[in-house]
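Below is one structure, written out as structure tokens; comments come after it.
Residue numbers (this note's numbering): 108 to 257.
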């Protein structure tokens, strides 16, 4: 099974926007249209389509903030797999593909993300990927990080 991280284009934007998480996850995840719109007002924020074959199975965003300290430059502020594609291994493959893509930056020491404390499923998932919990909070969300270079 292969996953590709692709630019969001006029050809795939509708598929990206249609994807939703399950009802019990909606309070934890921004809608994809909001993720895509954010990129138009923040040049550090880039959304991507997560694709398997010809299907968009998820949406993610990465954030590169060159002015931040070395350990705080690379973020994955959004990550979702559509409800109908969950539980099939796409999430793990997609997160590993994002980590591989981001880690190619020479200044990538670690990758960070934040998660709603009540979103236990996401916390467990990120831990399985290799993210560790920090003592930090951003806007009431817990910060986790994945070390590329020690």
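Here a beta-carbon is modelled for each residue, glycine too, at the ideal position from N, C-alpha and C.
Cα-Cα, which of the options is closest to residue i?
i, options, result
"residue 255", "147, 208, 224, 249", "208"
"residue 156", "238, 195, 196, 169", "169"
"residue 120", "230, 184, 158", "158"
"residue 152", "134, 248, 172", "172"
"residue 123", "141, 194, 166", "166"
"residue 117", "143, 138, 238", "143"
"residue 238", "212, 199, 190, 225", "199"
"residue 163", "182, 176, 135, 197", "197"
"residue 129", "108, 226, 206, 241", "226"
Excluding the 5 residues flanking residue i on each side, which residues of the same chain have their C-beta closer than 6 Å to its C-beta?
i, result
"residue 243", "250"
"residue 229", "222"
"residue 154", "115, 142, 143, 146, 168"
"residue 202", "236"
Based on the DSSP secondary-structure assignment, which residues constitute the bridge partners of residue i?
i, result
"residue 186", "167"
"residue 249", "222, 244"
"residue 158", "111, 163"
"residue 217", "254"
"residue 152", "170"
Could you name the residues of the same chain whose beta carbon sits closer than 8 Å to that of residue i, not counting the 5 residues immediately before and after it, in chain order?
i, result
"residue 246", "221"
"residue 231", "none"
So what's residue i in DSSP terms, helix, strand or just coil?
i, result
"residue 179", "helix"
"residue 192", "helix"
"residue 254", "strand"
"residue 239", "strand"
"residue 142", "helix"
"residue 197", "helix"
"residue 129", "coil"
Between the C-alpha atoms of residue i and residue j, what's the straight-line distance to the nearest angstrom?
i, j, result
"residue 186", "residue 112", "12 Å"
"residue 210", "residue 236", "15 Å"
"residue 126", "residue 188", "8 Å"
"residue 131", "residue 218", "27 Å"
"residue 213", "residue 180", "11 Å"
"residue 216", "residue 177", "7 Å"
"residue 241", "residue 253", "10 Å"
"residue 133", "residue 175", "30 Å"
"residue 72", "residue 182", "This structure cannot settle anything about residue 72, because the visible part of the chain is limited to 108 through 257."
"residue 137", "residue 234", "21 Å"
"residue 161", "residue 193", "17 Å"
"residue 184", "residue 248", "11 Å"
Does the ligand NAP have a heavy atom nearer than 7 Å to the CB of residue i?
i, result
"residue 242", "This structure does not include the ligand NAP; it has no bound ligands of any sort."
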